[in-house]
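Position 230 of the sequence shown, counting from 1, maps to 1405 under our numbering, and the rest follow consecutively.
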Amino acid sequence: MALLLNDRYVEMHSQEGMYHRLRIPNFGRDLAYDHYTCDLNITSASYEVYRLNLESGRFNRPYSLENRYELIATSHGTSIAINHDYHFLLVGTQDGHVIAFDPRTRNHITGVNLGHFSHDVSNAAVSAIKFRDGINVGVGFANGIVSMYDVRSPIPLVSKDHMYGEPIKRIAFLSCVDGGDYVASCDSHSLKIYNRRDVKMLTTIETNDPINDFCIFPNSGLVFFANDSPHSGIYFVPSIGMAPKWCSYLDNLTDGMEEVSNTQIYDDYKFITRPELEELGLSNLIGTESLRAYMHGFFINVRFYKRIKAAHDPLSYQEFKKRTLRQKIEEERADRLKLIKLPSVNRELAEHLLKSKSTMTNSDIINPLGDDRFKKLFLDSNFEIDKDNEHFKLISRAGAIKKTKLIKNKPVTQEEQPHSFVESDDDDSIEKLTSDDGELQEYQISSIFNDSGPFSTKSGGLTIEEKLAKKGNISRDGGQELVFGDQEVNFIPHDEKKGLDFKKYQRLKDHIVDKKKLQKNYTKRLPMRTKKLLRSGLKKLKKSKT
1176 MALLLNDRYV EMHSQEGMYH RLRIPNFGRD LAYDHYTCDL NITSASYEVY RLNLESGRFN
1236 RPYSLENRYE LIATSHGTSI AINHDYHFLL VGTQDGHVIA FDPRTRNHIT GVNLGHFSHD
1296 VSNAAVSAIK FRDGINVGVG FANGIVSMYD VRSPIPLVSK DHMYGEPIKR IAFLSCVDGG
1356 DYVASCDSHS LKIYNRRDVK MLTTIETNDP INDFCIFPNS GLVFFANDSP HSGIYFVPSI
1416 GMAPKWCSYL DNLTDGMEEV SNTQIYDDYK FITRPELEEL GLSNLIGTES LRAYMHGFFI
1476 NVRFYKRIKA AHDPLSYQEF KKRTLRQKIE EERADRLKLI KLPSVNRELA EHLLKSKSTM
1536 TNSDIINPLG DDRFKKLFLD SNFEIDKDNE HFKLISRAGA IKKTKLIKNK PVTQEEQPHS
1596 FVESDDDDSI EKLTSDDGEL QEYQISSIFN DSGPFSTKSG GLTIEEKLAK KGNISRDGGQ
1656 ELVFGDQEVN FIPHDEKKGL DFKKYQRLKD HIVDKKKLQK NYTKRLPMRT KKLLRSGLKK
1716 LKKSKT
């Protein structure tokens, strides 16, 4: 194991302890081991990348970052990574360039300026580089942004902002137990684990001490932090992987723990963006406890924000006082009685709608009085309701004609009731139940004054006995018997619940018609002499009864 110290020393350690120690010409920035050539490559605060061959124990000719062929911009190296699949090196520089070297030719292959594609060009130094495979690489910048690249294109696939503006210390690629492809990156404040394709957050680990580096134990969820404290930070994340075999008791501890969602509610905080923060002159508070990074901005204490806002813009406080005073005055006016001004068109309809609006319980019912679509109904005189119109009387609830029911004891004159049912030997009397259009009339009990009969009320109000004594014998005309009395009462089958039983009435009517036809056909077949004898016999029988 090789350790790079801040006093230009590089220490070699084994299981027994420090094995060897040597010094490099300049202060080191990063190191990477190439197992193909057994070279330990070290970037420093110069234009050279030192190559320490561990097999021979001496320095080889370093890689130079000087722009000899005017192909790329030059600056000292800050980070280094080795692609073991295609065997080349990537060196990140202070000015945002990434330079590729081939260990076989010891010359740079190409270079590209990634700072042009960064959000903050002024602070686009490459601080961390990590290969996932032969094609995909992650690059961390000094402004707190992590970008995923394809080595064939300088345009980032996705980017993740840590929102602290601090340099990215390390990047690691890992596969979780759920099969997801995740990236872990850290700055001095926190470690963030998110999806590699859509940068959706999985979890965040924040420490009390500044973080310098981190390491995740292979195929597990155990995370180690190298921080500025006497003790290293150790965290276990079950969503990343299981615990190692030598500390399997961690799985037993986490199995009994239930996941409780803790939602933070920032009631006393206000969200502001980075441009607003720079406008108020608070950009120097980024990274302190006064600001909490969230999404594309920060949370700041609302009281502190109001004090800074009032000092920055004194007139805004006066406008706030006027606005609150205006709101209080409007609330007091709402308690007073309001005089409702009714429209000039359809005044009665508007008054009816106002009364019904107070009793409405269903909020889905639309009131035309408060709907702009029905505004012309109360403004345009062409929409005014004419109560004298016959069509309005028919459809209006107030002008509709109510059906009157016949009272049992109330007589109805013959002029008022044109269709009646009078029992007689004539077949046409039955058809009087039907109207002109062929529909049956709904009469329960009907009474008709017969003023045209021989014993009508026009004869001075005499009784039946007096009328019989005055008129004498009543003659018969054509075998038809005259109707006696002043009133005829007809009964038709009727059910109070179901109404008039038309089927029963139709059967009764057909029976009477068939009976009369049978009588006529029977009398036609008899000889004339027999008919005369029957008539004389009937007359004698009736005389004997009287």
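By construction, the Cβ of each residue, glycine as well, lies at the ideal position given by its N, Cα and C atoms.
Exercise. Just the Cα atoms here: how many angstroms apart are Glu1464 and Ser1458?
Worked result: In the sequence shown, residue 1464 corresponds to position 289, counting from 1. In the sequence shown, residue 1458 corresponds to position 283, counting from 1. Going from the Cα of Glu1464 to the Cα of Ser1458 covers about 13 angstroms.
Exercise. How big is the Cα-Cα spacing for Phe1474 and Ser1334?
Worked result: Your numbering for residue 1474 matches position 299 in the sequence shown. Your numbering for residue 1334 matches position 159 in the sequence shown. If I take the Cα positions, the gap works out to 22 angstroms.
Exercise. Using the C-alpha atoms, what's the distance from Pro1331 back to Asn1311?
Worked result: For this step, residue 1311 is matched to residue 136 along the sequence shown. For this step, residue 1331 is matched to residue 156 along the sequence shown. Straight-line Cα distance between these residues: approximately 11 angstroms.
Exercise. Does DSSP put Pro1237 in a helix, a strand or coil?
Worked result: Taking the first residue of the sequence shown as position 1, residue 1237 is located at position 62. Note: Pro1237 maps to strand in three-state DSSP.
For this session: Tell whether a beta-carbon distance below 7 angstroms holds between Tyr1225 and Glu1241.
Result: Position 50 of the sequence shown, counting from 1, holds the residue named residue 1225. Position 66 of the sequence shown, counting from 1, holds the residue named residue 1241. Cβ distance not < 7 angstroms, so Tyr1225 and Glu1241 don't count as in contact.
Exercise. Quick one: what does DSSP say Ala1485 is sitting in, helix, strand or coil?
Worked result: Stepping through the sequence shown from its first residue, residue 1485 is reached at position 310. Of the three classes helix, strand and coil, the one that applies to Ala1485 here is helix, per DSSP.
For this session: Would you mind sorting Asp1546 into buried or exposed? The rule is 16 or more other CB atoms within 10 Å of its CB.
Result: The sequence position of residue 1546 within the sequence shown is 371, counting from 1. Classification of Asp1546: exposed, given that the 10 Å Cβ count is below 16.
Exercise. Which partner residues of Tyr1211 appear in the DSSP bridge assignment?
Worked result: Taking the first residue of the sequence shown as position 1, residue 1211 is located at position 36. BP columns for Tyr1211 are empty, so no partner.
Problem set entry | Helix, strand or coil at Ser1189 according to DSSP, with G and I counted as helix | On the sequence shown, position 14 is the one that residue 1189 refers to. In this structure, Ser1189 counts as strand in the three-state DSSP scheme.
Problem set entry | Ser1610 to Leu1524 span [Cα, whole Å] | Here the question's residue 1610 lines up with position 435 in the sequence shown. Here the question's residue 1524 lines up with position 349 in the sequence shown. Any reading at Ser1610 is ruled out, since the residue's pLDDT is 44, under 50, leaving its predicted position unreliable.
For this session: Would you identify the three-state DSSP class for Arg1371, choosing helix, strand or coil?
Result: What you label residue 1371 is simply residue 196 of the sequence shown in a count that begins at 1. Three-state DSSP puts Arg1371 in coil, outside helix and strand.
For this session: Pull up the CB-CB distance for Ile1274 and Ile1304, whole angstroms please, since I reckon it's below 8 angstroms.
Result: As a position in the sequence shown, residue 1274 is number 99, starting the count at 1. As a position in the sequence shown, residue 1304 is number 129, starting the count at 1. Not confirmed; about 11 angstroms, so no contact.
Exercise. When DSSP builds the beta bridges, which residues end up paired with Thr1218?
Worked result: Taking the first residue of the sequence shown as position 1, residue 1218 is located at position 43. Paired residues: Asp1205, Val1224.
Problem set entry | Coil, strand or helix - Thr1382 by DSSP | Sequence index remark: in the sequence shown, residue 1382 carries index 207 (1-based). DSSP places Thr1382 in coil when its eight states are reduced to three.
Problem set entry | Beta-carbon proximity check, Phe1446 vs Gly1472, cutoff 7 angstroms | As a working mapping, residue 1446 is identified with position 271 in the sequence shown. As a working mapping, residue 1472 is identified with position 297 in the sequence shown. Yes, they are a contact pair.
Exercise. In terms of residue numbering, what span does the beta strand (DSSP E) encompassing Phe1411 cover?
Worked result: Position 236 of the sequence shown holds residue 1411. From DSSP, the beta strand (DSSP E) with Phe1411 extends over 1408-1411.
Exercise. Residue range of the beta strand (DSSP E) that Tyr1357 falls in?
Worked result: Stepping through the sequence shown from its first residue, residue 1357 is reached at position 182. Taken as a continuous stretch (DSSP letters only), the beta strand (DSSP E) holding Tyr1357 covers 1356-1361.
Exercise. Taking buried to mean at least 16 other C-beta atoms within 10 Å of its own C-beta, is Phe1558 buried or exposed?
Worked result: Taking the first residue of the sequence shown as 1, we reach residue 1558 at position 383. Around the beta carbon of Phe1558, fewer than 16 other beta carbons lie within 10 angstroms, which makes this residue exposed.
Exercise. Does the beta-carbon of His1487 have 16 or more other beta-carbons within 10 angstroms, so that it is buried, or is it exposed?
Worked result: By one-based count along the sequence shown, residue 1487 stands at place 312. Its Cβ having fewer than 16 others within 10 Å, His1487 is exposed.
Exercise. DSSP three-state call for Val1312: helix, strand or coil?
Worked result: Locating residue 1312 in the sequence shown gives position 137, where the first residue counts as 1. Val1312 falls in the strand class under three-state DSSP.
Problem set entry | Ala1525, DSSP secondary structure in three states | Numbered from 1 along the sequence shown, position 350 holds the residue referred to as residue 1525. In this structure, Ala1525 counts as helix in the three-state DSSP scheme.
Problem set entry | In DSSP terms, what Asn1282 is bridged to | Sequence index remark: in the sequence shown, residue 1282 carries index 107 (1-based). Asn1282 is bridged to Asp1277.
Exercise. Looking at the unbroken alpha helix (DSSP H) that takes in Arg1165, where does it start and where does it end?
Worked result: Beyond the ends of the chain as shown, which are 1176 and 1721, falls residue 1165; an answer cannot be given.
Exercise. Can you pull the DSSP bridge partners for Asp1388?
Worked result: Taking the sequence shown and counting its residues from 1, the one referred to as residue 1388 is at position 213. DSSP links Asp1388 through a beta bridge to Ala1401.
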